[in-house]
Structures are given as structure tokens and as C-alpha cells.
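For reference, the structure is listed below as C-alpha cells.
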Amino acid sequence: MPVMDGIELLRHIRNEPQHAALPVIMLTSTDFRGDLAELRAAGCASHLYKPLRKKLLYDSLRAVCRPID
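Heads up, the sequence shown is in the numbering used here, so the first residue is 3 and it goes up one at a time.
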């Protein structure tokens, strides 16, 4: 992203009260394996790497989404 990175965007999302609990799945082409603690501390619900695999996306969505009553 040209203006900010994904972790900075996630921090902005978490600072907005109406979005603080929004589950966020990060998708990256960069290897964040060394930064997983930073992603978790910023409030990332799940993360995926490119190229995206449909099954992993589906599994992540199932893990972070709650059924709507």
C-alpha cells in the first residue's frame, strides 16, 4: 500500500470505537513470519499469504466470523 502498511492500517481500524471489534484477516505477499507477534498485538484475527488458497481463506473466515442471529 502506498501510504501505510497493513499493520498501521490495522492499528487505525482498532482505534476507531465502531470498528474496534471487527475481525481482520491480513493478506500479504510479504513473509510476516517474523512479525506474527506484531500482527497479533495489533489485533489481527488471522493472516494469509499470497498466493491465496481458497481453502485457507474459507478456514480463516469460518474461524473469525460468528453466525448472525
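For glycine and all other residues, C-beta sits at the position ideal for the given N, C-alpha and C.
Item to check | Rounded straight-line distance, which links the Cα of P25 to that of E10 | outcome: 16 Å
Item to check | Secondary structure of S62, DSSP reduced to three states | outcome: helix
Item to check | Cβ shell of G8 (< 6 Å), same chain only, five flanking positions each side left out | outcome: M28
Item to check | Cβ neighbour criterion (16 or more within 10 Å) applied to C67 | outcome: exposed
Item to check | alpha helix (DSSP H) segment containing H14, residue limits | outcome: G8 to N17
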